[in-house]
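Inspection log for the structure reproduced underneath, given as structure tokens.
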Amino acid sequence: MTTTPVTTGTTGATDRVIGYSRAINEALAEEMRRDERVWMMGQDIGRLGGVFGLTRGLQEEFGPMRVRDTAINETFIVGGAAGAALAGTIPVVELQFADFLFTAADEIFHKLAKWRYMHGGQFTLPVVVRLPSGVVGGAGAEHSQSLETIAMHVPGLKVAVPATPSDAKGLLKAAIRDPDPVLFFEHKGLYRVKGPVPESDEHVVPFGSARVARAGNDLTVVATGLMVDRALAAAEQLAPQGIDVEVIDPRTLVPLDIDTIVASVERTHRLMVVHEASRTAGFGAEIATQVQERAFFSLDAPVWRVCGTDTPLPQDPELEQACIPSTDEIVAAARALAAI
Amino acid sequence: MAHVLMPRLGVSVTEGTVSAWLKQVGDPVEVGEPICEVATDKVDTEIESTVAGVLTEQLYAVDEVVEVGAPLATVATADDAAAPAAPAAPAAPAAPAPPAAPEPTPSIVPDPASYGDEPDAAPAAPPADAAPPADDGRYAVVMPRLGVSVTEGTVSTWLKQVGDPVELGEPICEVATDKVDTEIESTVAGVLAEQRHAEGDVVLVGEPLALVTPDGALPSASAAAPPPPVAQPAPTSTAVPVAAAPAPSAPPAVPAGPTVPGAPAELRPGPFDHTAAVERLLATVARAGRPVAAPSARRLAADLGVDLAGLTGTGGGGHVTRADVQRAAERPPAAAAAPAAPAASVAPPAPAAAPAAPEPTGHPMGSDGLPLGYEDVPYDAVPTSRIRRVTAEHMTRSRRTAAHMTTEVDVDLGLLTDVRARLNAHRATQGRGKLSFLPFVARATCAALLEHPDLNATFETERLLRWGEINLGIAVDTPRGLMVPVLRGAERMTVETLGEGITDLAARLRDGKPGPDDFRAGTFTISNPGSVGAVSAPAIINQPQVAILGMPTIQRRPWVVRLADGQETIAIRPILRLALTFDHRALDGADATRCLVDIGRRLETWDVDDYR
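So the sequences go chain by chain: A and B. Last residue of the first sequence? That's 340 in the UniProt record's numbering, and every number before it is there in order. Last residue of the second sequence? That's 612 in the UniProt record's numbering, and every number before it is there in order.
And the structure:
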């Protein structure tokens, strides 16, 4: 197997610097141009261009039949997508907040996740559910959650958690081309973040391939979404203190590139998982378990977690930040772990 | 002079249209008091003043569109005017403003009201955004805002009557709104002095519901009219327990905690104390009552044959780290528990104090984990085997430790070739296999080492350990990597037993079934790169030995030979260029060379009856 190094983070000749939102908008437009079976549905995605503006301009280009406004009804949005997928189309639906996946829980966790298998593989359900996720500054407990672990726990779904504009675009294109249902957790706090994105209609980031966001030798930090940049900032603070941190962004949680994580831990002998979601039973617990199952004898120290608190998120933006990992907390935890 | 800015009224809302002005130029305004109404495509709402003072300018007319963040109105604050115009209204001058400043910075924080997807019941009450009317000041319990879109409530039941003592946080009445029915908790401690509304009355948010005074007496008109300047607006939140409630002028001490509802679900609010958690973990090391080692240290100890029980840990809490194991393994064999290295392919470790840290890559690394400058070169990343890593570590340690020096001699094997041919012919008649040259070299080496015991030794700076037997290591190239099995007591073996012993060991290795003693306690090593075609054979010393003999390929070379008549001529002879690499710390070049010459002499003069 020939591995080609991942060059994310550097601007090549064919890269442009664009925003995470723009990258998602481009992925949607390109895939709709590429394949006329692709269409979209969601509350306010058409005339308004989406509650966060991600679908601006798409109804103008593709018309109200392919970019459809719906009522306030997540049950209908996802259930309708399941039916449309059975009919041979590729629906990409948006829920205004990832939190509302609970409203559409039966449609997501039963219809999308299970029907391919319950019906003996007679069909697939190529549905992408776009889920604006995470804290954004005062949206409150019902509009700020990181629910990717819940999606991980139900077999049949794929789960993407892009942290950069390049991955947002590449993973969304891969999601739309995937025959299986994908829950696509976009982080609201990253919508305005800019970064290099390859100028190519075929910039597709395969699922199940982690990105080494920073190479290091002393401690492996696995982080997703908003936490990737915080882990990188922490790594820069830790480097002068003699702690050389490797930051790995799995990019998709289902499938999970555990091989890359294990290989890193076998070199660094220490692992810390950072996630915004609540601490208890988050994906950090799953990664910790898989790593100790495979690399127990490589470990110099316990696998550590830096996570959101086990609380409903407060609405006050400052209290809210106190409930999710900060760069300072990652630094403090890394120092404690390195000292073991 | 201060501005009231157009707030962001929803995620996607960028502007609003002024629909009515509620305050005119010259009107006094207080913080939280509505000054105008604004319509957006999502909501119609009142804009509350964020400053207290007198309205001096309406910056937009009715029906004009205002962008989010733009100033709506100008308010002259107390700081602006030395003598503010006396308010005409009976309303008192503003009480000091609460600090709540409605988000002036544009944010993509959505106003929950604009989600449209959610009932608005969720947040109990945002922080005070409506100051109570000033007339009842510090004694008023006001109607709190019970939801984003809730503007009024109906008093359904009074729970406290006039004259009842009231504590902070104690419910005084029940209120029904179109969203929720809830109890209103007192924000003032004292005695209920007045119910301002009867049951069934509709009360606007911010209006006083009741007065609670220290003694239950209604404040006199004169006392009420100018509220004391220190008065703070009562918080209106019903959800927040009253620990932070403002203490009115001289209230009785706050009684013990307010009524607490049943314990909530198990919550673990942060911050998570990583340092304390690590300390708790490390405290378990001392309590364990057994050797505590990191998993990685346990594996290393098993690999190197180190007994954890004898080690002092230097890790956190005193646990044994990989570095501790490594140090123990590198202690002199005399000091360390001697029976070492059951499975390692290399001999017991050297007496050197080598750094324990695993060797880093040794070259500058780029950011993507590749050697600097190699980012665009395609590559395969092949994981290294454990044997490879052990070998790598051993080789660099040996190189760091010993002063390597190689001496070489050419050996004419012409005579030995004949001897070997005859011996093999004889063995063939007995159905036994052929002997290679290696057992002959091994035999000659053992004989020479008995004469030069300083090369069958271990060097420890303070002393040289001359081993009393020759345990001959033979470097073997196996599919799993380089292995060095040991023939114990080789000085007692004949060429044939040596040959068969080597064959046996190699077979066991290739089958993957070496025994625990097959690798330990070597005292001298022979390496045979000639088997794959090398023409010279310097080597790295197998620690903790002091020398290694390299045996390259035998080459047929033009050679000057002396004829029986004393003349010289050139003949074609099988020549072996033996290389002895030795530790120059332990012995000098002359000593090593004398030993090597001795080996060569024994090989060149070998007769068929020798060394059987």
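Note that the Cβ used here is the ideal one computed from N, Cα and C, for glycine as well. In this text, all values refer to a predicted model and were calculated from it rather than measured experimentally.
* Asked: Near aspartate 454 (chain B), what residues of its chain come up, given a Cβ to Cβ distance below 8 angstroms and the 5 sequence neighbours on each side ignored?
  -> Numbered from 1 along the second sequence, position 454 holds the residue referred to as residue 454 (chain B). Cβ neighbours of aspartate 454 (chain B) beyond the five flanking positions: Leu464, Arg466, Val546, Ala586, Leu587, Asp591.
* To do: Sort A:Lys169, A:Ala338, A:Pro250, A:Glu148 by Cα distance to valine 228 (chain A) and report the nearest one.
  => Walking along the first sequence from the start, residue 228 (chain A) turns up at place 228. Of the candidates A:Lys169, A:Ala338, A:Pro250, A:Glu148, the one whose C-alpha sits nearest the C-alpha of valine 228 (chain A) is A:Pro250.
* To do: Please determine, among A:Val245, A:Gln241, A:Pro206, A:Leu226, the residue with the shortest C-alpha to C-alpha distance to aspartate 257 (chain A).
  => For the purposes of this step, residue 257 (chain A) is taken as residue 257 along the first sequence, with counting starting at 1. Here the closest residue by C-alpha is A:Pro206.
* **chain A contact for alanine 286 (chain B) (CB, 9 angstroms cutoff)** => For the purposes of this step, residue 286 (chain B) is taken as residue 286 along the second sequence, with counting starting at 1. Alanine 286 (chain B) does not count as touching chain A.
* Cβ of serine 166 (chain A) less than 9 angstroms from any chain B Cβ? -> Position 166 of the first sequence, counted from the start, is the residue given in the question as residue 166 (chain A). Closer than 9 angstroms: no.
* To do: Measure the C-alpha to C-alpha separation of proline 529 (chain B) and threonine 593 (chain B) and round it to an integer number of angstroms.
  => Your numbering for residue 529 (chain B) matches position 529 in the second sequence. Your numbering for residue 593 (chain B) matches position 593 in the second sequence. Rounded to the nearest angstrom, the two C-alpha atoms are 20 angstroms apart.
* **Minimum C-alpha distance to isoleucine 90 (chain A) - residue among A:Val154, A:Phe97, A:Gly121, A:Leu172** => On the first sequence, residue 90 (chain A) is found 90 positions in, with the first residue counted as 1. When each option's Cα is compared against that of isoleucine 90 (chain A), the closest is A:Leu172.
* Through-space distance from glycine 69 (chain B) to valine 38 (chain B), alpha-carbon basis -> In the second sequence, counting from the first residue as 1, residue 38 (chain B) sits at position 38. In the second sequence, counting from the first residue as 1, residue 69 (chain B) sits at position 69. So the alpha carbons of these two residues sit roughly 14 angstroms apart.
* **Exposure of phenylalanine 296 (chain A), with buried meaning 16 or more beta-carbon neighbours within 10 Å** => Within the first sequence, numbered from 1, the residue matching residue 296 (chain A) stands at position 296. Exposed: under 16 other Cβ atoms inside 10 Å.
* Asked: To which residues of the same chain is leucine 147 (chain A) closer than 6 angstroms at the C-beta, ignoring the five residues directly before and after it?
  -> Stepping through the first sequence from its first residue, residue 147 (chain A) is reached at position 147. Closer than 6 angstroms at Cβ, skipping near neighbours: Ala98.
* To do: Identify, in the order they occur along the chain, each residue of the same chain with its Cβ nearer than 6 angstroms to the Cβ of residue 656 (chain B), setting aside the five sequence neighbours on each side.
  => Because chain B in this structure spans residues 1 to 612, residue 656 (chain B) falls outside the shown range and cannot be described.
* To do: Quick one: grab the DSSP three-state call for arginine 16 (chain A).
  => Along the first sequence, read from residue 1 onward, the residue named residue 16 (chain A) stands at position 16. Three-state DSSP puts arginine 16 (chain A) in a strand.
* To do: Please list the residues of the region 297 to 314 of chain A that have a C-beta atom closer than 7 angstroms to any C-beta atom in chain B, keeping them in chain order.
  => Phe297, Ser298, Leu299, Asp300, Ala301, Pro302, Thr309, Asp310, Thr311
* To do: Mind checking which residues open and close the beta strand (DSSP E) that includes threonine 568 (chain B)?
  => As a working note, residue 568 (chain B) is residue 568 in the second sequence. In the sequence under discussion, the amino acid at residue 568 (chain B) is glutamate, which differs from the threonine named in the question. Per DSSP, glutamate 568 (chain B) belongs to the beta strand (DSSP E) from 568 to 583.
* Segment limits, beta strand (DSSP E) that includes leucine 509 (chain B) -> Looking up residue 509 (chain B) in the second sequence gives position 509. Careful: leucine 509 (chain B) lies outside any beta strand (DSSP E), inside the alpha helix (DSSP H) at 495 to 510.
* Asked: Under 9 angstroms between C-beta atoms, does aspartate 120 (chain B) make it to chain A?
  -> Along the second sequence, read from residue 1 onward, the residue named residue 120 (chain B) stands at position 120. In this prediction, aspartate 120 (chain B) has a pLDDT of 40, which is less than 50 and means its spatial position is unreliable; what the coordinates show is noted afterwards. No - not a single Cβ of chain A is within 9 angstroms of the one on aspartate 120 (chain B).
* Would you tell me roughly how many angstroms separate the C-alpha atoms of threonine 103 (chain A) and glutamine 145 (chain A), rounded to the nearest one? => Taking the first residue of the first sequence as 1, we reach residue 103 (chain A) at position 103. Taking the first residue of the first sequence as 1, we reach residue 145 (chain A) at position 145. Looking at the two C-alpha atoms, the distance is approximately 14 angstroms.
* Distance between beta carbons of valine 166 (chain B) and residue 628 (chain B), contact taken as under 8 angstroms -> Chain B is shown only over 1 to 612; residue 628 (chain B) falls outside these bounds and no answer can be derived.
* Would you identify the three-state DSSP class for leucine 5 (chain B), choosing helix, strand or coil? => Translated into positions along the second sequence, residue 5 (chain B) becomes position 5. Three-state DSSP puts leucine 5 (chain B) in a strand.
* Asked: Looking at the structure shown, is serine 278 (chain A) part of a helix, part of a strand, or coil, going by DSSP?
  -> The residue you call residue 278 (chain A) lines up with position 278 of the first sequence. It is a strand residue.
* Would a C-beta distance cut-off of 9 angstroms place serine 298 (chain A) and glutamate 329 (chain A) closer than the cut-off? -> Here residue 298 (chain A) refers to the residue found at position 298 of the first sequence. Here residue 329 (chain A) refers to the residue found at position 329 of the first sequence. No, these two residues do not count as a Cβ contact at 9 angstroms.
* To do: Show which residues of chain B have a CB atom less than 7 angstroms away from the CB atom of alanine 223 (chain A).
  => Here residue 223 (chain A) refers to the residue found at position 223 when the first sequence is read from its first residue. Those within 7 angstroms of alanine 223 (chain A) in chain B number zero; the least Cβ separation is about 16 angstroms.
* Asked: Who are the neighbours of leucine 48 (chain A) on chain B, taking C-beta pairs under 8 angstroms?
  -> Looking up residue 48 (chain A) in the first sequence gives position 48. Going along chain B in sequence order, the residues near leucine 48 (chain A) (Cβ under 8 angstroms) are Ser12.
* Asked: Which one or two residues does DSSP pair with glycine 216 (chain B) in a beta bridge?
  -> For the purposes of this step, residue 216 (chain B) is identified with residue 216 of the second sequence, where counting begins at 1. Answer by DSSP bridge pairing: none, since glycine 216 (chain B) is not bridged.
* Using a cut-off of 7 angstroms between C-beta atoms, extract the partners of histidine 363 (chain B) located in chain A. => The count along the second sequence starts at 1 and reaches residue 363 (chain B) at position 363. Going along chain A, no residue has its Cβ under 7 angstroms from histidine 363 (chain B), so there is no contact; the nearest lies around 13 angstroms.
* Provide the residue span of the alpha helix (DSSP H) that contains glycine 79 (chain A), from first to last. => For the purposes of this step, residue 79 (chain A) is taken as residue 79 along the first sequence, with counting starting at 1. For glycine 79 (chain A), the enclosing alpha helix (DSSP H) stretches over residues 74 to 86.
* Asked: When burial is assigned at 16 or more other CB atoms within 10 Å of the CB, is arginine 33 (chain A) buried or exposed?
  -> Residue mapping note: residue 33 (chain A) aligns to position 33 of the first sequence, counting from 1. Exposed: under 16 other Cβ atoms inside 10 Å.
* Would you decide whether glutamine 321 (chain A) is buried or exposed? Buried here means 16 or more other CB atoms lie within 10 Å of its CB. => Taking the first sequence and counting its residues from 1, the one referred to as residue 321 (chain A) is at position 321. Its Cβ having fewer than 16 others within 10 Å, glutamine 321 (chain A) is exposed.
* Asked: Leaving out five residues before and five after glutamate 568 (chain B) in sequence, what residues of the same chain have Cβ atoms less than 6 angstroms from its Cβ?
  -> Start at 1 with the first residue of the second sequence, and residue 568 (chain B) comes out as number 568. Val560, Arg562, listed in sequence order.
* Asked: Should glycine 147 (chain B) be listed as close to the ligand COA, given that the test is whether its C-beta is under 8 angstroms from any heavy atom?
  -> With respect to the ligand COA, the structure shown offers nothing to examine, as it has no ligands at all.
* To do: Going by CA-CA distance only, name the one from A:Gly140, A:Lys158, A:Arg335, A:Ile324 that's closest to proline 269 (chain B).
  => Here residue 269 (chain B) refers to the residue found at position 269 when the second sequence is read from its first residue. Ranking the options by Cα distance to proline 269 (chain B), first place goes to A:Ile324.
* So, does the CB of threonine 275 (chain B) fall closer than 9 angstroms to a CB anywhere in chain A? -> Counting from one through the second sequence, the residue named residue 275 (chain B) turns up at place 275. True, the Cβ-Cβ gap to chain A drops below 9 angstroms.
* To do: Mind reading off the beta-carbon distance from isoleucine 35 (chain B) to valine 4 (chain B)? Whole number of angstroms is fine, and I expect it under 8 angstroms.
  => Numbered from 1 along the second sequence, position 35 holds the residue referred to as residue 35 (chain B). Numbered from 1 along the second sequence, position 4 holds the residue referred to as residue 4 (chain B). Valine 4 (chain B) and isoleucine 35 (chain B) do touch by the CB rule: their CB atoms are close to 6 angstroms apart, below 8 angstroms.
* **Nonlocal neighbours in the same chain, by C-beta distance under 7 angstroms from lysine 114 (chain A), ignoring five residues either side** => On the first sequence, residue 114 (chain A) is found 114 positions in, with the first residue counted as 1. Excluding residues within five positions, the ones whose Cβ falls inside 7 angstroms are Gly156.
* Under three-state DSSP, which class holds proline 371 (chain B)? -> Taking the second sequence and counting its residues from 1, the one referred to as residue 371 (chain B) is at position 371. For proline 371 (chain B), the three-state secondary structure derived from DSSP is strand.
* Reducing DSSP to helix, strand and coil, say where glycine 308 (chain A) ends up. => As a first step, residue 308 (chain A) is located in the first sequence; it is residue number 308 there, counting from the start. Here glycine 308 (chain A) sits in strand by DSSP.
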